[in-house]
Amino acid sequence: MLLIASVFALVPAPDEGQLRPGLDPSQVTPGLLGFLMTLFMVIAVILLMRSMVGRVRRVRYRAQAEEELQRTQTGTVPAPRAVGAAHTPTPRVEAGPESYN
């Protein structure tokens with residue numbers, strides 16, 4: 001926080017009288033501060049994207065592990081689901097002797 005305050009303290013306030021003759025105010029660039037802020041935003045977005053990808057992988061892995069555990073416990077093979085579909089457990093139907101006919 002102190003670093004940001006010190007950077008703003010070093011940047012002079014814009015004044016129409018400070019422009020060189022022949023320089024239009026629309027031609028002025030953001031300078032070093034604008035570059036640093038843009039760089040910070042790009043790095044933050046990259047880190048957030050990497051974190052999100054890791055979390056999505058973890059969720060997929062947990063769903064696969066849960067399905068594998070369910071398969072080993074029940075001895076049944078669940079129907080394949082579409083990629084990205086919400087996990088909804090399928091009810092088990094017990095087959096009685098009357099269903100064999």
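For the record, in the sequence shown the residue sitting at position 71 is 71 according to UniProt numbering, with numbers rising by one throughout. Where a beta carbon is used, it is the ideal one built from N, C-alpha and C, also for glycine. Predicted model only: the values in this text are computed from it and were never measured.
C-alpha distance - residue i paired with residue j, whole-angstrom precision
i: Asn101; j: Val59; result: Caution is warranted here: a pLDDT of 48 is assigned to Asn101, below 50, making its placement in the model unreliable, and no coordinate value can be reported.
i: Val28; j: Met52; result: 37 Å
i: Arg55; j: Phe35; result: 30 Å
i: Arg57; j: Ala63; result: 10 Å
i: Glu43; j: Gly31; result: Here the sequence assigns Ile to residue 43, which means Glu is not the residue at that position. Approximately 19 Å between the Cα atoms of the pair.
i: Met49; j: Gln70; result: 32 Å
i: Gln73; j: Leu39; result: 51 Å
i: Leu23; j: Tyr61; result: 59 Å
i: Met41; j: Pro21; result: 34 Å
i: Ala65; j: Met37; result: 42 Å
Residues near residue i by beta carbon distance below 6 Å, same chain, minus five either side
i: Ile46; result: none
i: Val75; result: Looking at the sequence provided, one finds Gly at residue 75 rather than Val. Counting only Cβ-Cβ distances below 6 Å, and skipping sequence neighbours, we find nothing.
List in chain order: all unbroken beta strand (DSSP E) runs of 3+ residues lying wholly within the segment 28-55. none
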